[in-house]
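In my numbering, the protein residues as written are 196 to 278.
Now the structure itself:
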């Protein structure tokens, strides 16, 4: 039977790290996880399925561009628009 103590401790440490490390560390962890999700999508399509997905980069960049524009236009409630 597999032990779940390692993944549970890792998830707890990652969950508490932004509170202990501050706002900048939370931002960096968020970017790291976001880029990891994008990279895993490309790795799945390119490695397992055999084709290079150029649409991933398009939607990743378009989402970043649009969220930046929305946050710039709505400075007052910027945190709610980010969600």
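Each residue gets a CB set at the ideal place from its N, CA and C atoms; glycine is no exception.
Put residue i into one of helix, strand or coil per three-state DSSP.
i           : result
residue 245 : coil
residue 217 : coil
residue 262 : helix
residue 234 : helix
residue 200 : helix
residue 208 : helix
residue 269 : coil
Select from the options the residue whose C-alpha is nearest the C-alpha of residue i.
i           : options       : result
residue 229 : 252, 246, 214 : 252
residue 250 : 224, 200, 236 : 236
To which residues of the same chain is residue i closer than 7 Å at the C-beta, ignoring the five residues directly before and after it?
i           : result
residue 221 : 213
Given a cut-off of 9 Å on the beta-carbon distance, is the pair residue i and residue j in contact?
i           : j           : result
residue 255 : residue 238 : no
Keeping to the same chain, check which residues put their C-beta closer than 8 Å to that of residue i; ignore five residues upstream and five downstream.
i           : result
residue 241 : 247, 248
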